[in-house]
Ligand SMILES: [Zn+2]
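Numbering (this note's numbering), first residue to last: 126 to 285.
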């Protein structure tokens, strides 16, 4: 793969200058042979955050974002968990590429799909059931205390 300007930090596959992700494992590509300090090179800093086992396997779709900014937010969440991802325009939406409109499929390597599911699942709003459960438990506790108090009063009254 010598001669290609970009390379994959995960598996070493080379990439053409117009590619952003490794065609083999989906990791963001970095400049081949770059010796920039880590913090000065965002691409390399991102690559360092990727957990290599999560970059293994064919790409699978894990989420559908409403638009490009939402897709980028999901990708950032995934990257925080060490999972590389890429966003691809969902099929059937013929909007020009430069527009940020239109849904995006978010794909991750199969090795990172389970973690991606946890990461993206955790951001779903909590069901209101949790609050109802708390309310029911509080009421049950109050009723239990009333029963105990009633029994105690009855026992005291019987003794006297
Ligand atoms: Zn790779």
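C-beta atoms are modelled at their ideal positions from N, C-alpha and C, and glycine is treated no differently.
| field | residue 178 versus residue 199: straight-line alpha-carbon distance, rounded | value | So the alpha carbons of these two residues sit roughly 19 angstroms apart.
| query | Near ligand 1, which residues have their beta-carbon less than 6 angstroms from any of its heavy atoms, given in chain order? | reply | My final list is 133, 135, 136, 138, 147, 149, 150 and 152.
| request: Under 8 angstroms Cβ to Cβ from residue 264, same chain only, skipping five residues before and after it: list those, please. | output: Listed in chain order, the non-local C-beta contacts of residue 264 below 8 angstroms within the same chain number zero, local neighbours out to five positions each way being set aside.
| query | Where does residue 151 land, buried or exposed, given buried means 16+ other C-beta within 10 angstroms? | reply | Classification of residue 151: buried, given that the 10 Å Cβ count is 16 or more.
| task | Please classify residue 227: does DSSP put it in a helix, a strand, or coil? | result | Secondary structure of residue 227 (DSSP, three-state): coil.
| Local Cβ density within 10 Å of residue 191, reported as buried at 16 or more and exposed below that | Residue 191 comes out exposed.
| said: Please report the straight-line C-alpha distance between residue 129 and residue 215, rounded to a whole angstrom. | reply: The straight-line gap from Cα to Cα measures roughly 29 angstroms.
| request: Specify, as a first and last residue, the run of the beta strand (DSSP E) that residue 184 falls within. | output: That run of the beta strand (DSSP E) goes 184 to 190.
| message | Let me confirm a value: residue 262 is counted as buried when at least 16 other C-beta atoms fall within 10 Å, else exposed. Which label applies? | response | Within 10 angstroms of the beta-carbon of residue 262 lie fewer than 16 other beta-carbons, which makes it exposed.
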